[in-house]
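**Student:** For the sequence shown, the positions run 276 to 555 when the numbering used here is used. The structure under discussion is supplied below as structure tokens; questions concerning it will follow.
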Amino acid sequence: MAASVADILRSHSTGRATVMGILNVTPDSFSDGGRFLRPADARQRAARLLAEGADAIDIGAESTRPGSDRVPPGEQIDRLRDVLPAVCGLGRPVSIDTTSAEVAAFALDAGAAIVNDISAGRDDPGLFALAAERGCPIVLMHMLGQPKTMQADPRYEDVVAEVAAFLRGRVEAAEAAGVPRERCIVDPGIGFGKKREHNLALLANAGALAGIGGPVLVGPSRKRFIGELSGAAAPADRVSGTVAACLAARAAGASLFRVHDVAPLRQALAVWDAICGHGT
276 MAASVADILR
286 SHSTGRATVM
296 GILNVTPDSF
306 SDGGRFLRPA
316 DARQRAARLL
326 AEGADAIDIG
336 AESTRPGSDR
346 VPPGEQIDRL
356 RDVLPAVCGL
366 GRPVSIDTTS
376 AEVAAFALDA
386 GAAIVNDISA
396 GRDDPGLFAL
406 AAERGCPIVL
416 MHMLGQPKTM
426 QADPRYEDVV
436 AEVAAFLRGR
446 VEAAEAAGVP
456 RERCIVDPGI
466 GFGKKREHNL
476 ALLANAGALA
486 GIGGPVLVGP
496 SRKRFIGELS
506 GAAAPADRVS
516 GTVAACLAAR
526 AAGASLFRVH
536 DVAPLRQALA
546 VWDAICGHGT
């Protein structure tokens, strides 16, 4: 049975693994840029992700791959204007991937239910006020720097402790703006200002983020570190590595997974959960 927004927010306490399917309406995303710009193509892609077992669709109109330039809110809205109603019309939870309160407000008006902010409210403090006003969950992600420069030699003394401290501070800031802690989904930001060893440490210790807010989300899907470990140069060839990363994070305490390839992850989670006795 498909999960509701409430089910997603309770996934860390119920033991239910929940999945966000990625839908990029961008010309330049690292893995699938340019493929789903037309409303019909986006709707077809979203419908397929849902049929494969996604609980929600995470849709974004700005690529945040390493080295990318920022996209103005008006341009994001132009990309979303016809696509978003088509996807929301499928009747399942939709998350808007943006750092802009203007874009988030447009998306929520069009039917989106969750805001996914890679800047954790730092790019546009108005996002916290918007989430408080609308009563919607917000994903708060750790990122070192900005997408343009985040992979320029990122360094940490203790990546798990530092990411946890950052996310704790952002949840407190969201709470101060009126967003309940239980509506704050925390994300360690795999691949966002992290080297391979940082990503591995965060996936292995996802449980260190439990209790900071609501559920812990991880998004390792098709990321470069998987290619470095496996030799898979093309992002589309990193599906098995993505599944392995998600299962490791699941074992460590994550309950929400943002991926391009829903069906293989759902199959792996079904078997893993059955073996480990998790709720479904």
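Positions of the beta carbon are idealized from the N, C-alpha and C atoms, including for glycine.
1) Measuring alpha carbon to alpha carbon, tell me which residue in A520, H535, D536, R533 is nearest W547.
2) So, helix, strand or coil for V390, using DSSP?
3) As a quick exercise: from P347, G366, V446, pick the residue whose alpha carbon is nearest that of V491.
4) Among the residues of its own chain, which have a CB less than 7 Å from the CB of R409, if the five just before and after it don't count?
5) Can you look up A281 in the DSSP assignment and give me helix, strand or coil?
6) I need the straight-line Cα distance from M418 to R367, nearest angstrom please.
7) Within 10 Å of its beta-carbon, does D399 have 16 or more other beta-carbons around it, so buried, or fewer, so exposed?
8) Quick one: Cα of L556 to Cα of A507, how far?
9) Alpha carbons only, please: which of A549, G552, A538, E457 is nearest the one belonging to V294?
10) Work out the CA separation of G486 and L284 for me, nearest whole Å.
11) Taking the straight line between their C-alpha atoms, what separation do you get for T517 and A388?
12) Enumerate in chain order the residues of its own chain whose CB-to-CB distance from A380 is below 7 Å, with the five nearest sequence positions on each side excluded.
13) Report the option in E337, G489, G342 whose CA atom is closest to the CA atom of V378.
14) Confirm, please, whether the CB-CB distance from I465 to K423 is below 8 Å.
15) Could you check the C-alpha separation between R340 and M276 for me, to the nearest Å?
16) Helix or strand or just coil, what does DSSP make of R291?
17) In this structure, how does DSSP classify R320 when only helix, strand and coil are distinguished?
18) Could you give the uninterrupted runs of the beta strand (DSSP E) lying entirely in the segment 308-382, keeping only those of 3 residues or more?
**Tutor:** Quick answer:
1) The shortest C-alpha separation from W547 is found at A520.
2) Taken through DSSP and simplified to helix, strand or coil, V390 comes out as strand.
3) Residue V446 is the option with its Cα nearest to V491.
4) These residues qualify, in order along the chain: L383.
5) Helix at A281.
6) In a straight line, the C-alpha of M418 is about 28 Å away from that of R367.
7) It is buried - the Cβ of D399 has at least 16 other Cβ atoms within 10 Å.
8) Nothing can be reported for residue 556, as the shown portion of the chain is limited to 276 through 555.
9) Checked all of A549, G552, A538, E457; the closest Cα to V294 is A538.
10) Rounded to the nearest angstrom, the two C-alpha atoms are 12 Å apart.
11) Going from the Cα of T517 to the Cα of A388 covers about 26 Å.
12) Counting only Cβ-Cβ distances below 7 Å, and skipping sequence neighbours, we find L405.
13) Nearest of E337, G489, G342 to V378, Cα basis: E337.
14) No. Outside cutoff.
15) Computed Cα separation, rounded: 33 Å.
16) Residue state, collapsed to three classes: coil.
17) R320: helix per DSSP, three-state reduction.
18) Taken in chain order, the complete beta strand (DSSP E) segments of 3 residues or longer contained in the segment 308-382 are 331-335, 369-372.
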